[in-house]
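J.: For what it's worth, the numbering used here labels the leading residue of the sequence shown as 58, then goes sequentially.
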Amino acid sequence: MGAPPQLTPEDRARALAQAKAARQRRAAIKSQVKDGSLSIHQVIELARTDEVIAKMRVLELVESISGVGKIRGKALLERLEISLTRRIQGLGKHQMNDLISQFSLPSLGKKGRLVVLSGPGGVGKSTVAAELKRSSPFFVSVSATTRAPRFNEQEGVDYFFMSDIEFDQAIARGDFLEWAAFAGNRYGTPKKAVTDALEQGKSVLLEIEISGAMQVKAKMPDALLVFLAPPTWEELVARLEGRGTDSPERRAARLALAQEEMEAAVHFDKTLTNDRVENVVASLIEWATAQ
Ligand code: 5GP
Numbered sequence: 058m059g060a061p062p063q064l065t066p067e068d069r070a071r072a073l074a075q076a077k078a079a080r081q082r083r084a085a086i087k088s089q090v091k092d093g094s095l096s097i098h099q100v101i102e103l104a105r106t107d108e109v110i111a112k113m114r115v116l117e118l119v120e121s122i123s124g125v126g127k128i129r130g131k132a133l134l135e136r137l138e139i140s141l142t143r144r145i146q147g148l149g150k151h152q153m154n155d156l157i158s159q160f161s162l163p164s165l166g167k168k169g170r171l172v173v174l175s176g177p178g179g180v181g182k183s184t185v186a187a188e189l190k191r192s193s194p195f196f197v198s199v200s201a202t203t204r205a206p207r208f209n210e211q212e213g214v215d216y217f218f219m220s221d222i223e224f225d226q227a228i229a230r231g232d233f234l235e236w237a238a239f240a241g242n243r244y245g246t247p248k249k250a251v252t253d254a255l256e257q258g259k260s261v262l263l264e265i266e267i268s269g270a271m272q273v274k275a276k277m278p279d280a281l282l283v284f285l286a287p288p289t290w291e292e293l294v295a296r297l298e299g300r301g302t303d304s305p306e307r308r309a310a311r312l313a314l315a316q317e318e319m320e321a322a323v324h325f326d327k328t329l330t331n332d333r334v335e336n337v338v339a340s341l342i343e344w345a346t347a348q
């Protein structure tokens with residue numbers, strides 16, 4: 058290792074002044090984040106052209122958000138698989154998107170909005186819902202169904218699996234916010250979990266088929282209805298045909314139904330095309346936040 062560079066007293070004074078200015082700038086940014094006048098999204102944008110901000114540690118930034126603090130900040134980065142020593146300039150694209158969507162629902166968060174994601178079977182609603190569950194503050198409702206579990210599905214995580222009798226009893230008790238028959242089975246949204254989450258100020262996402270979405274809109278006119286459309290009809294057909302977990306009869310029934318379902322888009326508040334999951338998630342959050 059070579060000897061440290063010989064600094065003149067003027068060089069040293071300049072370097073110290075620069076370091077002080079950088080510290081002050083970072084402190085100012087953090088206090089704006091704390092009082093809510095700067096969002097995480099805005100700070101990440103500023104970091105693109107401002108080296109001082111780009112060098113700020115992500116942990117420092119997250120900790121400065123009102124209500125987060127050291128323990129939650131660390132837990133959040135661990136959950137999003139972002140190293141605790143990572144600087145903003147070192148964030149990958151996915152990590153940036155995860156961070157932004159984690160904090161970009163302030164207005165939704167206060168009010169607790171109900172967002173209904175619907176669209177034809179096979180369009181990829183459940184993948185979008187899973188991504189929202191992973192990377193956003195949405196409470197994603199778990200439905201009840203009389204359908205048999207697929208090999209990779211877990212009770213209470215993917216669905217609450219019920220017998221026909223249990224489903225009848227749940228209807229009779231008024232447990233469902235909505236329910237519908239779909240391709241030979243019944244599906245319903247448990248009401249209590251949804252209303253509890255909304256009362257706690259959480260935003261809730263329902264991933265359900267179209268007639269259920271219409272029932273929700275009739276009961277809760279403030280609900281935001283998002284229609285997820287395939288990039289092309291051919292793509293939807295390919296996805297339905299390719300679903301190895303369904304019998305041929307069930308696939309044919311789903312295809313016929315999908316045709317009808319595509320026509321329902323006009324009843325929705327917003328249509329998003331499922332080109333890429335990350336795009337749908339970002340657009341959905343952006344749109345819902347603006348409502
Ligand atoms: P799958 O059997 O493929 O899991 O779901 C079939 C369809 O039922 C999908 O379109 C899905 O969105 C819908 N679905 C899932 N849960 C509910 C629910 O609680 N209510 C309604 N109406 N549809 C649901």
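The beta carbon of each residue, even a glycine, is placed where N, CA and C say it ideally should be.
This structure is a prediction, so every number in the text was calculated from the model and none was measured.
#1: For G126, which residues in the same chain have their Cβ closer than 8 Å to its Cβ, ignoring the five residues on either side in sequence?
#2: Taking just the CA atoms, how far does Q272 sit from A309?
#3: Classify V173 as buried or exposed, calling it buried when 16 or more other Cβ atoms lie within 10 Å of its own Cβ.
#4: Please determine whether the Cβ atom of E212 lies at a distance below 6 Å from any heavy atom of the ligand 5GP.
#5: Do you know whose CA, among L234, M153, A205, A238, lies nearest A280's CA?
#6: Using the C-alpha atoms, what's the distance from S175 back to I265?
#7: List the endpoints of the continuous beta strand (DSSP E) containing K327.
#8: Check whether the segment 174 to 188 and the segment 130 to 150 touch, using three or more Cβ-Cβ pairs below 8 Å as the test.
#9: So for A238, helix, strand or coil by DSSP?
#10: Are there three or more Cβ pairs, one per stretch, closer than 8 Å when the segment 126 to 142 is compared with the segment 312 to 323?
#11: Starting from the N-terminal side, write out each stretch of the alpha helix (DSSP H) that is 4 residues or longer and does not extend beyond the segment 120 to 192.
#12: With a threshold of 8 Å, are at least 3 pairs of Cβ atoms found where one atom belongs to the segment 320 to 339 and the other to the segment 282 to 291?
#13: Among residues of its own chain, excluding the 5 on either side of I157, which ones have a beta-carbon nearer than 7 Å to its beta-carbon?
#14: Using a threshold of 6 Å, is the CB atom of I228 nearer than that to any non-hydrogen atom of the ligand 5GP?
#15: Between the C-alpha atoms of I110 and L103, what's the straight-line distance to the nearest angstrom?
#16: If I'm right that V261 touches L171 with Cβ under 8 Å, what's the distance once you round it to whole angstroms?
#17: Quick check: the segment 88 to 95 against the segment 65 to 72, are there 3 or more CB pairs under 8 Å?
#18: Note the first and the last residue of the continuous alpha helix (DSSP H) segment covering A111.
#19: Whole-angstrom Cβ separation of R143 and R114, contact assumed at under 8 Å?
#20: Quick check on the DSSP output: what are the complete beta strand (DSSP E) runs of length 3 or more inside the segment 219 to 276, in order along the chain?
#21: Let me confirm a value: R129 is counted as buried when at least 16 other C-beta atoms fall within 10 Å, else exposed. Which label applies?
T.: So, from the data block:
#1: Taking the first residue of the sequence shown as position 1, residue 126 is located at position 69. Excluding sequence neighbours, G126 sits near E120.
#2: Here the question's residue 309 lines up with position 252 in the sequence shown. Here the question's residue 272 lines up with position 215 in the sequence shown. Cα to Cα, A309 sits roughly 26 Å from Q272.
#3: If you number the sequence shown from 1, residue 173 lands on position 116. Sixteen is the threshold: when 16 or more other Cβ atoms of the shown chains lie within 10 Å of the Cβ of V173, as they do, the residue is buried.
#4: Taking the sequence shown and counting its residues from 1, the one referred to as residue 212 is at position 155. Between the ligand 5GP and the CB of E212, the shortest heavy atom gap is not smaller than 6 Å.
#5: Your numbering for residue 280 matches position 223 in the sequence shown. Checked all of L234, M153, A205, A238; the closest Cα to A280 is L234.
#6: Position 208 of the sequence shown, counted from the first residue, corresponds to residue 265. Position 118 of the sequence shown, counted from the first residue, corresponds to residue 175. I265 and S175: Cα-Cα distance of roughly 5 Å.
#7: Numbered from its first residue, the sequence shown carries residue 327 at position 270. Here the beta strand (DSSP E) through K327 covers 327 to 330.
#8: The segment 130 to 150 and the segment 174 to 188 do not touch, with fewer than three beta-carbon pairs separated by less than 8 Å.
#9: The residue labelled residue 238 in the question sits at position 181 within the sequence shown. Looking at A238 - three-state DSSP - the assignment turns out to be strand.
#10: Under the three-pair Cβ rule at 8 Å, the segment 126 to 142 does not count as touching the segment 312 to 323.
#11: Within the segment 120 to 192, complete alpha helix (DSSP H) segments of at least 4 residues are found at 126 to 136, 150 to 160, 163 to 168, 182 to 192, given in chain order.
#12: Touching, yes, given that three or more Cβ pairs across the two stretches are closer than 8 Å.
#13: The residue given as residue 157 occupies position 100 in the sequence shown. I97, H98, I101, listed in sequence order.
#14: Residue numbering aside, residue 228 sits at position 171 when the sequence shown is read from its first letter. Here the distance from the Cβ of I228 to the nearest heavy atom of the ligand 5GP is not below 6 Å.
#15: Mapped onto the sequence shown, residue 110 falls at position 53. Mapped onto the sequence shown, residue 103 falls at position 46. In a straight line, the C-alpha of I110 is about 7 Å away from that of L103.
#16: What you label residue 261 is simply residue 204 of the sequence shown in a count that begins at 1. What you label residue 171 is simply residue 114 of the sequence shown in a count that begins at 1. Yes, they are in contact, since the Cβ atoms of V261 and L171 sit about 5 Å apart, within 8 Å.
#17: The segment 88 to 95 is not in contact with the segment 65 to 72.
#18: Against the sequence shown, residue 111 aligns to sequence position 54. Element bounds for A111: 108 to 111.
#19: As a working mapping, residue 143 is identified with position 86 in the sequence shown. As a working mapping, residue 114 is identified with position 57 in the sequence shown. About 7 Å separates the beta carbons of R143 and R114, which is inside the 8 Å limit, making them a contact pair.
#20: Listed in chain order, the complete beta strand (DSSP E) runs (minimum 3 residues) inside the segment 219 to 276 are 233 to 239, 242 to 247, 261 to 264.
#21: If you number the sequence shown from 1, residue 129 lands on position 72. Looking at its Cβ environment, which holds fewer than 16 other Cβ atoms inside 10 Å, R129 is exposed.
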